[in-house]
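Chemist: After the structure tokens below, expect a handful of questions from me.
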Amino acid sequence: MGAIKEFIGNVGKAAESNALVRISISDRRDSKTEVKSVTVRAVKLKKGEFLSFVYRYTTKDITKNHLLDESLEIIEKLISEDYMQAELQTSTGRWVLSTHGKRAKIKFFEQVEFQKVNLSHDKQKNRIIEIGGSEYLKSLGVSDEKGRVRPKMNHKYRQINKYIEIVDDIIKNIQFKEEINIVDMGSGKGYLTFALYDYFTNHKKMSVNITGVEIRKELVDKCNSIAKASKFDNLKFVESDISSFEGDNCDVLIALHACDTATDDAIVKGVRMQSKLIIVAPCCHKQIRKQLNPESPLNLVSRFGIYQERLAETITDSMRVLALETCGYKTNVEEFIAMEHTPKNILISAIFDRSLMEKREDKLEEYVSLKKFFGIEKHYLENFLEIY
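If you count the sequence shown from 1, position 23 lands on 20 in our numbering, and the numbers rise without skipping.
If you want it as structure tokens, here you go:
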């Protein structure tokens, strides 16, 4: 276990020299482990300097602060027992530790230029997407001429960074080829599309081609203009609805807040283009709501409109998850945005794993059973995917 000891030693040195930027611990050994991932950063509190641990659950984050010696013990235990991947980011570079297989391995990647280490505990946070000097954030109205977040756009800036944090966590478990092709369905004003391009090219230093698909011509023209001004050469926007979009090379398909069956159209596109990763945040679950069985015992709950709406959302998204699993995808459902900003707060991610096709018949049975229980005659996805 020499690699783990080396990693812990590097964490200690980075913390003592104020060079520690962030530690990311992920890739659970056991899928039943409730904490999906852990991030650690240095903070300065009234009582002194600590390492702040953020434990990410499916629906919440829990933060705990520890002194350095205790922190090193906790990190070593997490890596040795619960997780298989850890990344230490410092002001000089990053160390990546992998404990997959029989032997742990550690690699160092030199960083020519990195963000300034911030030890502030309150309000100021280390953001993946930096606000200063960003042409696209200024053009989109998120920041002002001095590179500061506009007061009315604070929620949007938080949403952008939360989205990128989720993507950053998901892609740790995916092996991509040298160049990644991404399609963002229903890209709208482009806030998240631009941030995604910024993240891959400037933060991850990866080669990426991103296409934003949007039906409103004025938004397509505006976003293409901003992309050109920002010198985002491999980012483009095209005018099309989701169902009409034609593409045959897509590693990552994204559809955030596509209304009703437009989410399903996006899922179909992703499956047919054999995307390695599909990310959707559905809304407006109208199609299933009309079919809910009025004789079901649950009607005693769903007789109120708001409860019926939420029940329809849960059933619809559960069927989407099962449909993806029948197609060989490993799925996860988590919170995307806090409820105070928008009620559309469920994000489904699906990573293709060919070995899961062996469980296809079991997933089909679960899908049929769910339909039968709620009296659902047919889900929209059944028109396109081989499910019934």
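The C-beta atom is built at its ideal place from N, Cα and C for all residues, glycine as well.
Hey, out of 73, 184, 88, whose CA is closest to residue 96's CA?
Modeler: Nearest option by C-alpha distance: 73.
Chemist: Tell whether a beta-carbon distance below 7 Å holds between residue 360 and residue 323.
Modeler: It is a contact, given that the beta carbons lie within the stated cut-off.
Chemist: Express the C-alpha separation of residue 209 and residue 248 in angstroms, rounding to a whole number.
Modeler: When rounded, the distance between both Cα atoms is 14 Å.
Chemist: Count the other CB atoms, across all protein chains shown, that sit within 10 Å of the CB of residue 390; report buried if there are 16 or more and exposed otherwise.
Modeler: Since the first and last residues shown for the chain are -2 and 385, residue 390 lies out of range.
Chemist: Evaluate residue 310 with the Cβ neighbour count: other Cβ atoms within 10 Å of its Cβ, from every protein chain shown; 16 or more gives buried, anything less gives exposed.
Modeler: When all chains shown are included, residue 310 counts as buried.
Chemist: By alpha-carbon positions, which one of 55, 68, 44, 29 ends up nearest to residue 38?
Modeler: For the residues 55, 68, 44, 29, the minimum Cα distance to residue 38 belongs to 68.
Chemist: From what residue to what residue does the alpha helix (DSSP H) around residue 371 run?
Modeler: Its alpha helix (DSSP H) spans residues 357 to 371.
Chemist: Could you pull the DSSP bridge partners for residue 328 from this structure?
Modeler: Paired residue(s): 347.
Chemist: Cutting at 7 Å between CB atoms, please list the residues of its own chain near residue 140, excluding the five before and the five after it.
Modeler: The answer, listed in chain order, is 128, 131, 134, 146, 147.
Chemist: Given a threshold of 16 other Cβ atoms within 10 Å of its Cβ, counted over all protein chains shown, does residue 142 qualify as buried or as exposed?
Modeler: It is exposed - the Cβ of residue 142 has fewer than 16 other Cβ atoms within 10 Å.
Chemist: Nearest by alpha-carbon distance to residue 174: which of 316, 274, 1, 88 is it?
Modeler: Answer by Cα proximity: 274.
Chemist: Using the three-state DSSP reduction, which class does residue 184 fall into: helix, strand or coil?
Modeler: Here residue 184 sits in coil by DSSP.
Chemist: Runs of 4 residues minimum, wholly inside the segment 233 to 286: which ones carry the alpha helix (DSSP H) assignment?
Modeler: Within the segment 233 to 286, the complete alpha helix (DSSP H) runs of at least 4 residues are 259 to 269, 283 to 286.
Chemist: Does the segment 147 to 160 come close enough to the segment 2 to 17 that 3 or more CB-CB pairs lie under 8 Å?
Modeler: Judged by Cβ distances under 8 Å, the segment 2 to 17 makes no contact with the segment 147 to 160, as fewer than three pairs qualify.
Chemist: On the DSSP letters alone, give me the boundaries of the beta strand (DSSP E) that residue 207 sits inside.
Modeler: 204 to 211 is the extent of the beta strand (DSSP E) around residue 207.
Chemist: At 3 residues or longer, and completely inside the segment 66 to 114: list those beta strand (DSSP E) runs for me, N to C.
Modeler: List check, beta strand (DSSP E) in window: 80 to 87, 90 to 95, 102 to 107.
Chemist: Give me the DSSP bridge partner(s) of residue 52.
Modeler: Answer is 35, 59, bridged to residue 52.
Chemist: Please classify residue 120 as buried or exposed, where buried requires at least 16 neighbouring CB atoms within 10 angstroms.
Modeler: The predicted position of residue 120 is uncertain, since its pLDDT is 45 and thus under 50; no value can be drawn from it.
Chemist: Give the straight-line distance between the Cα atoms of residue 32 and residue 56, rounded to the nearest whole angstrom.
Modeler: Each residue's Cα considered, the two are about 10 Å apart.
Chemist: Buried or exposed: where does residue 387 fall if 16 or more other Cβ atoms within 10 Å of its Cβ makes it buried?
Modeler: The requested residue 387 is not part of the displayed model; the chain covers only -2 to 385.
Chemist: What separation, rounded to the nearest whole angstrom, lies between the Cα atoms of residue 233 and residue 189?
Modeler: Straight-line Cα distance between these residues: approximately 13 Å.
Chemist: Sort 192, 179, 184, 178 by Cα distance to residue 154 and report the nearest one.
Modeler: Minimum Cα distance to residue 154 is reached at 192.
Chemist: Flag this pair as touching only if the segment 248 to 258 and the segment 222 to 229 have three or more C-beta atom pairs under 8 Å; answer yes or no.
Modeler: These segments do not touch.
Chemist: Excluding the 5 residues preceding and the 5 following residue 80 in the sequence, name in chain order all residues of the same chain whose CB lies nearer than 7 Å to its CB.
Modeler: Around residue 80: 22, 23, 24, 25, 26.
Chemist: Could you give the distance in angstroms between the alpha-carbon of residue 374 and the alpha-carbon of residue 284?
Modeler: Using only the alpha carbons, I get a separation of about 11 Å.
Chemist: Assign residue 16 to one of three DSSP states: helix, strand, or coil.
Modeler: Coil, per DSSP.
Chemist: How big is the Cα-Cα spacing for residue 347 and residue 43?
Modeler: Rounded to the nearest angstrom, the two C-alpha atoms are 42 Å apart.
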